[in-house]
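Peer 1: Below is a structure I'd like to ask you about.
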Amino acid sequence: MKLTPLAAILCGSALSTCALAASTFDMVVAIDESGSMSGEQDFIGSYIKNIDQLLNDQGVTLNQFGLMGFGGSPYDTATANEGGRETTSSALYHYFTLDTASGANFGSSTELDTVTSQLAVSGSTEDGYRAIDYIYRNYEFRANAGSSILLITDEDRDDDSADLTPTVDKAAIVSQLTTNKTVLHVVVSQHFTDKNGNTAIAVVGADPDTGYAYVEDSNGVISKVQGYILVPTYDTTQADYTEIALSSGGTAMDIEQLRSVYLDPTALAALSAEFAALIAQIASEQPSLVGIDCDSASGAAAQACAVLIVTDCEPLQEVASSLAESTDPEVLRSRLRRLTPVNNGQLTTSSMQSVQAVRRLLSLRLGQKRMGMNGVGLVGVGGSELQLGGGTGSSGGAASADASDSGMFIQGIYSRTKQGASGNADGYKSDNYSLVLGFDRYVSSRTQVGAAFGYSNADASVDNGDGSNADTYSLMAYSSYEMIPALFLETVIGYSNIKYDTSRNTGFGVANGDTHGDLWSASVGVSKDLVYGKWGLQPFVRLDYSHLKIKGYTESGSSADLSISSQSTDSVLSEVGSRILYTFNPTTQGELYLAWEHEFNDGGRSISAVFAGDPSQVLKTDIAGNPSDYARIGVGVRKDFNASSNLTVRIEGLYGNDDYREHSLQLRYNYQF
Numbered sequence: 002m003k004l005t006p007l008a009a010i011l012c013g014s015a016l017s018t019c020a021l022a023a024s025t026f027d028m029v030v031a032i033d034e035s036g037s038m039s040g041e042q043d044f045i046g047s048y049i050k051n052i053d054q055l056l057n058d059q060g061v062t063l064n065q066f067g068l069m070g071f072g073g074s075p076y077d078t079a080t081a082n083e084g085g086r087e088t089t090s091s092a093l094y095h096y097f098t099l100d101t102a103s104g105a106n107f108g109s110s111t112e113l114d115t116v117t118s119q120l121a122v123s124g125s126t127e128d129g130y131r132a133i134d135y136i137y138r139n140y141e142f143r144a145n146a147g148s149s150i151l152l153i154t155d156e157d158r159d160d161d162s163a164d165l166t167p168t169v170d171k172a173a174i175v176s177q178l179t180t181n182k183t184v185l186h187v188v189v190s191q192h193f194t195d196k197n198g199n200t201a202i203a204v205v206g207a208d209p210d211t212g213y214a215y216v217e218d219s220n221g222v223i224s225k226v227q228g229y230i231l232v233p234t235y236d237t238t239q240a241d242y243t244e245i246a247l248s249s250g251g252t253a254m255d256i257e258q259l260r261s262v263y264l265d266p267t268a269l270a271a272l273s274a275e276f277a278a279l280i281a282q283i284a285s286e287q288p289s290l291v292g293i294d295c296d297s298a299s300g301a302a303a304q305a306c307a308v309l310i311v312t313d314c315e316p317l318q319e320v321a322s323s324l325a326e327s328t329d330p331e332v333l334r335s336r337l338r339r340l341t342p343v344n345n346g347q348l349t350t351s352s353m354q355s356v357q358a359v360r361r362l363l364s365l366r367l368g369q370k371r372m373g374m375n376g377v378g379l380v381g382v383g384g385s386e387l388q389l390g391g392g393t394g395s396s397g398g399a400a401s402a403d404a405s406d407s408g409m410f411i412q413g414i415y416s417r418t419k420q421g422a423s424g425n426a427d428g429y430k431s432d433n434y435s436l437v438l439g440f441d442r443y444v445s446s447r448t449q450v451g452a453a454f455g456y457s458n459a460d461a462s463v464d465n466g467d468g469s470n471a472d473t474y475s476l477m478a479y480s481s482y483e484m485i486p487a488l489f490l491e492t493v494i495g496y497s498n499i500k501y502d503t504s505r506n507t508g509f510g511v512a513n514g515d516t517h518g519d520l521w522s523a524s525v526g527v528s529k530d531l532v533y534g535k536w537g538l539q540p541f542v543r544l545d546y547s548h549l550k551i552k553g554y555t556e557s558g559s560s561a562d563l564s565i566s567s568q569s570t571d572s573v574l575s576e577v578g579s580r581i582l583y584t585f586n587p588t589t590q591g592e593l594y595l596a597w598e599h600e601f602n603d604g605g606r607s608i609s610a611v612f613a614g615d616p617s618q619v620l621k622t623d624i625a626g627n628p629s630d631y632a633r634i635g636v637g638v639r640k641d642f643n644a645s646s647n648l649t650v651r652i653e654g655l656y657g658n659d660d661y662r663e664h665s666l667q668l669r670y671n672y673q674f
């Protein structure tokens, strides 16, 4: 948030810790109900609304306020909004319910304003210490909020705590304020001046030499002056209240300055607004009870931290309390990162790679069919296939005349991928299993078509313990058309439905999720068949396009579950290369495959999520893009069993990309009928 000069000065002093500033605020007003306090009771509602508005202007929002009265007659009857009371022989201590429907003693500034008319002016014994102790026994300040008590009285303390155990004294009050990180502001009967003796309406700062006095000139302009003097009182007000308030980081205001303008609405509004602004400035930089140093994090981790220090969600408050115990910035940064969806990039990468592997397989099948010879051919990646050695060396329609028009195949692929850590994302490993079953036939002398069904499973494990599992079901159609002799146009189109199961180690339980994705794909390529005796050369070029959309989902099982929005990504992949084939004998052939792949859409993207228990802040996580610019190298051997069937074994790998690795083993059986 943008700090005003006052806030900047306060941040540099012992009054507050800017790096740990809370972004929401709790305040309880404790007001004296003795006979002389009617004026203060009349203005307190509008005063609190002033504070709330000023806080909102500074980004401190969702604030809560409470109202309690002390020092009234113990015989006063309960009012409509009285939520609880305790009495002594001398006085009444009670709090007000600001929302009668829910019974909440905290409410908005407007709700507090509507209840102030129920305050009494009937007592004569005022114990502000007991009032503060009563607040801690009946109000629960949010751990993620800055907390304050505003005490308003025109008397020193009347000890009315004899029935309490232990007895409440000054040391006990200071201890309660310190333990709960509560700032005490007081409006009391004490005069203040600056160092030159000019009357001040309020002072702030524990040290009179480095603190500040707020001095009003004859024109009503209020100025801040360094240094102040506490004018001694005839009673113990200074020791009872003023010193405690200033040492807690709060303010002390002269109640007589307020009373001097009660009959002048304009002057009263200006004076109360100035005091409200002072309190709001202090509150806007006040630390929460949960002191997480969000400065140690960045990106989505910092966004998550911002949610945790203001959340009303009890499980997330427990997470925040645990994180606050981390004193090592590196440990805290790591724990915060675990609360974000930094590793969801593996979902898209593994899905894209599985489907692209099936598309390459179908291009191989097209080459096998058009080369004829009863379906005998090497199984490779990226281009069509050649029959060498004992074959005719023909292709296209001539080949199909010698071969069966229809055929089928089945292929299994095992691959392992490894992605190195990149930016905010941890590295991961993925084991992928694919099974493809296809059927195809020639529909004319130059055209062949086919359809295939594929299933693949990708089981990924992330370095930090996260994981995902993806089951992919694919339907694809493929075709080949001979444009001119031995030059072929190949196309593949397909749709895949993907079921994802995810697990995320939050450090506060494992968050499990499940969702679905839809992947549409298309591929177009051109290949050329060249034969030189026992050698074959098959250069090719291909362009693949994929669009993946994953539905949003909500995790379950941990204290820090996320609702992750839908995400989509595109891949535009080019592949240029060639297969080199050699015939060892009429039933055994070998292959060397060399290609270079380039991903055009290799830029990073982002994932948006919110905490399921508190959707107030979007966590936007940047993740790495698709792997780009690498060589694909493969070798394979095919064994023919007879004129209708053969088996191919291949190994393949990606090289040239330091962050991404992929290796695979492929088995394929072909049959013609």
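Our numbering runs 1 ahead of the 1-based position in the sequence shown.
Quick reminder that beta carbons are idealized off the backbone N, C-alpha and C, glycines included.
Model, not experiment: these values are computed from the prediction.
Give the DSSP-derived three-state secondary structure of Pro-316 in the structure shown.
Peer 2: Residue state, collapsed to three classes: helix.
Peer 1: Check for me: the alpha helix (DSSP H) holding Asp-515 runs from which residue to which?
Peer 2: No alpha helix (DSSP H) holds Asp-515; the beta strand (DSSP E) holding it covers 511-529.
Peer 1: Using a 10 Å radius around the Cβ and a threshold of 16 neighbouring Cβ atoms, would you call Gln-227 buried or exposed?
Peer 2: Exposed.
Peer 1: Locate the alpha helix (DSSP H) running through Asp-114, then write down its first and last residues.
Peer 2: Element bounds for Asp-114: 110-116.
Peer 1: Out of Lys-552, Ile-174, Asp-562, Leu-55, state which residue places its alpha-carbon closest to the alpha-carbon of Thr-25.
Peer 2: Taking only the C-alpha atoms, the option nearest Thr-25 is Leu-55.
Peer 1: Determine the extent of the alpha helix (DSSP H) in which Leu-333 is found, giving its start and end residues.
Peer 2: Start and end: 330-338.
Peer 1: When burial is assigned at 16 or more other CB atoms within 10 Å of the CB, is Asp-195 buried or exposed?
Peer 2: Buried is the call here.
Peer 1: Please identify the residue among Pro-75, Gly-510, Arg-580, Leu-436 whose C-alpha is closest to the C-alpha of Val-532.
Peer 2: If we check each option's Cα against that of Val-532, Arg-580 comes out closest.
Peer 1: How about Val-542 and Val-573: do their beta carbons lie closer than 8 Å?
Peer 2: Cβ distance not < 8 Å, so Val-542 and Val-573 don't count as in contact.
Peer 1: Quick one: is Glu-592 buried, meaning 16 or more other Cβ sit within 10 Å of its Cβ, or exposed?
Peer 2: Classification of Glu-592: buried, given that the 10 Å Cβ count is 16 or more.
Peer 1: Does DSSP put Tyr-140 in a helix, a strand or coil?
Peer 2: Note: Tyr-140 maps to coil in three-state DSSP.
Peer 1: Would you call Arg-138 buried or exposed, if buried means 16 or more other Cβ atoms sit within 10 Å of its Cβ?
Peer 2: Exposed, because fewer than 16 other Cβ atoms sit within 10 Å of the Cβ of Arg-138.
Peer 1: Excluding sequence positions up to five away, which residues of its chain have a Cβ less than 6 Å from the Cβ of Phe-601?
Peer 2: Hits under 6 Å: Val-573.
Peer 1: Can you give the beta carbon distance from Glu-156 to Ser-74, rounded, assuming they're within the 8 Å contact cut?
Peer 2: Not quite, the Cβ-Cβ distance comes to about 15 Å (not below 8 Å), so this is no contact.
Peer 1: Confirm, please, whether the CB-CB distance from Ser-109 to Phe-66 is below 8 Å.
Peer 2: Yes, they are a contact pair.
Peer 1: Grab the span of the beta strand (DSSP E) containing Arg-662 for me, first residue to last.
Peer 2: Element bounds for Arg-662: 661-673.
Peer 1: Note down, in chain order, each residue of its chain lying with its Cβ closer than 8 Å to the Cβ of Thr-589, except the 5 sequence neighbours on either side.
Peer 2: Cβ neighbours of Thr-589 beyond the five flanking positions: Val-638, Arg-639, Lys-640, Asp-641.
Peer 1: Assuming Glu-217 and Ile-202 make a contact with CB atoms under 8 Å, what is their CB distance in whole Å?
Peer 2: Indeed, because the Cβ distance is near 6 Å, the residues count as touching under 8 Å.
Peer 1: Let me know the beta strand (DSSP E) ranges lying completely inside the region 443-522, each 3 residues or longer, listed in chain order.
Peer 2: Those beta strand (DSSP E) runs which fall completely within the region 443-522 and span 3+ residues are 448-463, 468-485, 488-506.
Peer 1: Since Lys-196 is in the beta strand (DSSP E), which residue starts that stretch and which ends it?
Peer 2: That residue, Lys-196, is in no beta strand (DSSP E); it is neither H nor E in DSSP.
Peer 1: With Ile-565 and Ala-610 assumed to form a contact (beta carbons below 8 Å), what rounded beta-carbon distance in angstroms separates them?
Peer 2: Going by Cβ atoms, the distance from Ile-565 to Ala-610 rounds to 4 Å, so yes, they are a contact pair.
Peer 1: Pull the bridge partners of Glu-600 from the DSSP assignment, please.
Peer 2: The partner list for Glu-600 (beta bridge, DSSP) reads Leu-574.
Peer 1: Beta-carbon within less than 8 Å of Arg-360's beta-carbon, same chain only, minus the 5 sequence neighbours each way: which residues are those?
Peer 2: Correct list, in chain order: Met-477, Val-493, Gly-495, Ser-522, Ser-524, Asp-545.
Peer 1: In the DSSP assignment, find the alpha helix (DSSP H) that holds Tyr-235 and state where it starts and stops.
Peer 2: Looking at the DSSP string, Tyr-235 is not in any alpha helix (DSSP H), and its letter there is neither H nor E.
Peer 1: By alpha-carbon positions, which one of Leu-648, Tyr-554, Leu-63, Asp-128 ends up nearest to Ile-608?
Peer 2: For Ile-608, the nearest C-alpha among the options comes from Tyr-554.
Peer 1: Using the DSSP secondary-structure output, state which residues sit across from Pro-540 in a beta bridge.
Peer 2: For Pro-540, which the question treats as bridged, DSSP gives the partners Ser-579.
Peer 1: Per the DSSP calculation, Gln-258 is bridged to which residue(s)?
Peer 2: Paired residue(s): none; Gln-258 is not in a bridge.
Peer 1: Here's the rule I'm using: 16 or more other beta-carbon atoms within 10 Å means buried, otherwise exposed. How should Tyr-94 be labelled?
Peer 2: Burial call: buried.
Peer 1: Going by DSSP in three states, Tyr-94 sits in which element: helix, strand or coil?
Peer 2: Tyr-94 falls in the strand class under three-state DSSP.
Peer 1: Take the Cβ of Asp-659 as the centre, count every other Cβ of all protein chains shown within 10 Å, and call the residue buried at 16 or more, exposed below.
Peer 2: By the neighbour-count rule (16 or more Cβ atoms within 10 Å), Asp-659 is not buried but exposed.
Peer 1: Going straight from the alpha carbon of Gly-70 to that of Thr-98, what length do you get?
Peer 2: Cα to Cα, Gly-70 sits roughly 12 Å from Thr-98.
Peer 1: So, does the CB of Arg-669 fall closer than 8 Å to a CB anywhere in chain B?
Peer 2: Absent here is chain B; the protein component of the structure consists of one chain.
Peer 1: Taking the C-alpha atoms as reference points, what is the distance between Met-409 and Gly-421?
Peer 2: Approximately 38 Å between the Cα atoms of the pair.
Peer 1: List the endpoints of the continuous alpha helix (DSSP H) containing Val-308.
Peer 2: Per DSSP, Val-308 belongs to the alpha helix (DSSP H) from 300-309.
Peer 1: Within 10 angstroms of the Cβ of Lys-535, are there 16 or more other Cβ atoms? Answer buried if so, exposed if not.
Peer 2: By the 10 Å Cβ count, Lys-535 comes out exposed.
Peer 1: Give the straight-line distance between the Cα atoms of Ser-125 and Glu-41, rounded to the nearest whole angstrom.
Peer 2: Taking the straight line joining both Cα atoms gives about 16 Å.
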